[in-house]
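Engineer:
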Amino acid sequence: MKAPRIPKQILGLAFIFAIVIAALVVARMLFIPPSFGKYGHYRADAVNEIVAQEINYAGYQACMECHDEIYKPKERSYHKSVSCEACHGPAAKHVEAPDEFVPGAPRERGYCPLCHDYNPSRPTGFPQIITELHNPGKACMTCHNPHNPVLPHTPEECSACHREIANVKRISYHASLPCVRCHTVPEKHMVQPKFVFAQVPVEREFCGECHAEGAPGGPDIPRIDLDTHGERYLCWDCHYPHYPEAR
Amino acid sequence: MKKKKSNPLSRREFLMICSKALPFTGIFFIPFTADQILFAQKTKEYDPTQHEYAMGINIHKCIGCGRCADACKKENNVPREPYYFRTWVERYIISTDGETYVDSPNGGIDGFPEFKDNLEILRTFFVPKLCNQCANPPCVQVCPVGATFLSRDGVVLVDEKYCVGCRYCIQACPYGARFLHPTKKIADKCTFCYHRLVRGLLPVCVEVCPTQARVFGEVGLQSSPLRRFLRFNDVVVLKPSLNTRPKVYYAGADGEVR
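Taken in order, these protein sequences are the chains called A and B.
Whatever position you read off the first sequence (first residue = 1), add 415 for our numbering.
Whatever position you read off the second sequence (first residue = 1), add 1383 for our numbering.
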């Protein structure tokens, strides 16, 4: 049986088609990366490129390996769920080269309020302070240990709370007198300062213990005659005892 | 030689040939053992088919400190400008007259200033947001070049080299989780810190969250923190009506959250 004769123009067209298809196949091989479509309509190698990204945060387990003396008390404290790097910042470099890169610590007053400043949107019961009123000017770390943030121990010095008074008294003639020389401070005042108050002197004779004529003490102490000086006024009506004026 | 013999080789000859061939037998084993070693390494490495991840967010625990958004930027080198976020924290304020106010100044990184409007607040809370890693992601559907895809472990990723920066995906995302990277000019988004997952680390927002408002883990593992989160909380996903099937579950989410 004789095969039907294919017209010349069809052969030509077939030839052009073959070239176009071949060109398409070649282009497909050139332009589509080999890993495209391996797992889906995407380039499988892209996943490896994303995986190759370097980490900056090492994770708390990495910190724990060396700093267990900090981690041990911290894991039982209120801050047990706070990762080290939440405050100290990314530390993967520190894990690689402990001496070359040392992560910082936020010691300034602005950092802790990011969590602990009062905000009505925060969940009820979360410990919050009004930063403007809470010991203004003092760094949080002076009273609170961030790795074991219990409520601060009762202040040992009056200046912890009465800072402004302490600041002027320190440069006054009364600098050498302890607060308890004039104030009797009940133990409870340290714990409940708003309910149990320290006592203040009430009579002129108290100042007279030092400043009356004939009172014991050095010659530098100014003396007055209690009977004639200042008439019926109390001493602190005119003199500020924390910063008595110059002679 | 006599060809009648049934054995063409004598025992002695056979053993001699065997002893000569002995050193070459190793050739047959070398590729096999090498492949075995490689295979062993691969199995010790990360197998995406064995994982499926999801995140849980407990709104009752979020204190809006913005450490997640800050750490995310540091980990993933997201531009520091306040318009680009892979994750951010929104503040919802619902007033007594039923109006809802949502703001997110710098993603919450610098804290939330006092709300100035003289509102009578009915309720208010923080909502951390990120890519919801949808199982049916609209961004992947619209990508014209196959640059964004759902990986085998269920994370939606962006192929940096393939993305042409057409922004279709940014338009398509119902959660506003994508942005155009200002210098690379490609779409950028949360990857669940994919590069950390394969190293066995948590996503960095989960790592630094001080109240553990964010929980992360395997969907398929009964003992994972995520499954525990799902057992103990009533969870919702955002915009469930869109059938995107998100893998970020919110506990304690108000009806106003979307």
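Heads up, the beta-carbon is just placed ideally off N, CA and C, and yes, glycines get one too.
Identify each residue in the stretch 519-547 of chain A for which the Cβ-Cβ distance to at least one residue of chain B is less than 8 angstroms, and report them in chain order.
Structural biologist: Result list: P528, L529, C530, D532, N534, P535, S536, R537, P538, F541.
Engineer: Exposed or buried, A418 of chain A, counting other C-beta atoms within 10 Å across all chains shown (16 or more means buried)?
Structural biologist: Counting Cβ neighbours within 10 Å, A418 of chain A comes out exposed, since fewer than 16 surround it.
Engineer: Going by DSSP, which residues form a beta bridge with D1486 of chain B?
Structural biologist: In DSSP, D1486 of chain B forms a bridge with B:R1474.
Engineer: Within its chain, find whatever has a CB closer than 6 angstroms to the CB of T1594 of chain B; leave out the 5 residues flanking it on each side and keep chain order.
Structural biologist: K1444, I1446
Engineer: What's the gap between the Cα of L1505 of chain B and the Cα of S1478 of chain B?
Structural biologist: 5 angstroms
Engineer: Check whether the Cβ atoms of K1572 of chain B and R1463 of chain B lie closer than 8 angstroms to each other.
Structural biologist: no
Engineer: Is DSSP giving L513 of chain A helix, strand or coil here?
Structural biologist: Per the sequence shown, the amino acid found at residue 513 of chain A is Pro instead of Leu. Judged by DSSP in its simplified three-state form, P513 of chain A adopts coil rather than helix or strand.
Engineer: Among all the DSSP beta bridges, which residues are the ones paired with V1618 of chain B?
Structural biologist: Its beta-bridge partners are B:A1634.
Engineer: Over the uninterrupted alpha helix (DSSP H) stretch that includes Y1590 of chain B, give me the two end residues.
Structural biologist: Correcting the residue identity first, residue 1590 of chain B is Glu in this sequence and not Tyr. Unbroken alpha helix (DSSP H) run through E1590 of chain B: 1587-1591.
Engineer: Compare the beta carbon distance of N471 of chain A and E1601 of chain B with 8 angstroms and say whether it is the shorter of the two.
Structural biologist: In this structure, N471 of chain A keeps its C-beta atom at 8 angstroms or more from the C-beta atom of E1601 of chain B.
Engineer: Measure from the alpha carbon of V1538 of chain B to the alpha carbon of each residue in B:F1599, B:P1496, B:M1399, B:G1491, then state which is nearest.
Structural biologist: Residue B:F1599 is the option with its Cα nearest to V1538 of chain B.
Engineer: So what does DSSP say about A470 of chain A, is it helix, strand or coil?
Structural biologist: Just to set this straight, residue 470 of chain A is Ile in the shown sequence, not Ala. DSSP, reduced to helix, strand and coil, places I470 of chain A outside both helices and strands of the structure shown, so it counts as coil.
Engineer: Determine, using beta carbons only, whether Y1577 of chain B comes closer than 8 angstroms to chain A.
Structural biologist: yes
Engineer: Need the endpoints of the alpha helix (DSSP H) that E1601 of chain B sits in, please.
Structural biologist: First-last for E1601 of chain B: 1597-1601, but that is the beta strand (DSSP E), not the alpha helix (DSSP H).
Engineer: Can you find the residues in the same chain that come closer than 8 angstroms, C-beta to C-beta, to P448 of chain A, ignoring five residues on each side of it along the sequence?
Structural biologist: The residues are R458, D460.
Engineer: Step through the CB atoms of chain B and report whether any lies within less than 8 angstroms of the CB of H456 of chain A.
Structural biologist: Yes, H456 of chain A lies at the interface with chain B (some Cβ there is under 8 angstroms from its Cβ).
Engineer: On the three-state DSSP scale, how would you describe L1421 of chain B?
Structural biologist: Bear in mind that a pLDDT of 45 at L1421 of chain B, under 50, signals an unreliable position, so the number given afterwards is only what the model happens to contain. In this structure, L1421 of chain B counts as helix in the three-state DSSP scheme.
Engineer: Would you call the stretch 483-490 of chain A and the stretch 1565-1583 of chain B in contact, with 3 or more CB pairs under 8 angstroms?
Structural biologist: no
Engineer: Identify whether G1439 of chain B lies in helix, strand or coil by the three-state DSSP scheme.
Structural biologist: strand
Engineer: L426 of chain A lies in the alpha helix (DSSP H); which residues open and close that run?
Structural biologist: 423-446
Engineer: Would you mind telling me which residues of chain A sit closer than 9 angstroms to R1463 of chain B, beta carbon to beta carbon, in chain order?
Structural biologist: Here the premise fails: no neighbours, minimum Cβ distance about 14 angstroms.
Engineer: Counting C-beta neighbours from all protein chains within 10 Å, is the total for D1480 of chain B 16 or more, i.e. buried, or is it exposed?
Structural biologist: exposed
Engineer: Return the residue from the list A:M444, A:R524, A:V466 that minimises the CA-CA distance to L1580 of chain B.
Structural biologist: A:V466
Engineer: Do we get a CB-CB distance below 8 angstroms when we pair C1448 of chain B with the residues of chain A?
Structural biologist: yes
Engineer: Please compile the residues from chain B whose C-beta is within a distance smaller than 9 angstroms of the C-beta of E490 of chain A.
Structural biologist: Per Cβ cutoff of 9 angstroms: no residues; E490 of chain A is ~14 angstroms from chain B at best.
Engineer: So, for P601 of chain A: in the same chain, excluding its five sequence neighbours on each side, which residues have a beta-carbon less than 6 angstroms away from its beta-carbon?
Structural biologist: V611
Engineer: Do T1531 of chain B and V1547 of chain B come within 8 angstroms of each other at the CB atom, strictly closer than that value?
Structural biologist: no
Engineer: To which residues does DSSP link A575 of chain A through a beta bridge?
Structural biologist: Per DSSP, none; premise fails for A575 of chain A.
Engineer: From the DSSP output, read off the bridge partner residues of A1570 of chain B.
Structural biologist: B:L1563
Engineer: Measuring CA to CA, which of A:P564, A:E571, A:P561, A:P551 is closest to E579 of chain A?
Structural biologist: Checking every option, the nearest Cα to that of E579 of chain A belongs to A:P551.
Engineer: So within the stretch 612-636 of chain A, which uninterrupted alpha helix (DSSP H) runs reach at least 4 residues, ignoring any that extend past its ends?
Structural biologist: If only uninterrupted alpha helix (DSSP H) runs of at least 4 residues are considered, those enclosed by the stretch 612-636 of chain A are 619-626.
Engineer: What is the rounded straight-line gap between the Cα of A473 of chain A and the Cα of S498 of chain A?
Structural biologist: Rounded to whole angstroms, A473 of chain A and S498 of chain A show a C-alpha spacing of 11 angstroms.
Engineer: Run the CB neighbour count on N542 of chain A, radius 10 Å, all protein chains shown included, and call it buried at 16 or more, exposed below.
Structural biologist: According to the sequence displayed, residue 542 of chain A carries Pro and not Asn. It counts as exposed.
Engineer: Nearest to Y1466 of chain B by CA position, among B:G1490, B:R1474, B:E1473, is which residue?
Structural biologist: B:G1490
Engineer: Kindly identify the DSSP beta-bridge partner or partners of F1508 of chain B.
Structural biologist: B:Y1475
Engineer: Let me make sure I understand the geometry here. Which of A:Y526, A:C527, A:I545 has the alpha-carbon closest to that of N534 of chain A?
Structural biologist: A:I545
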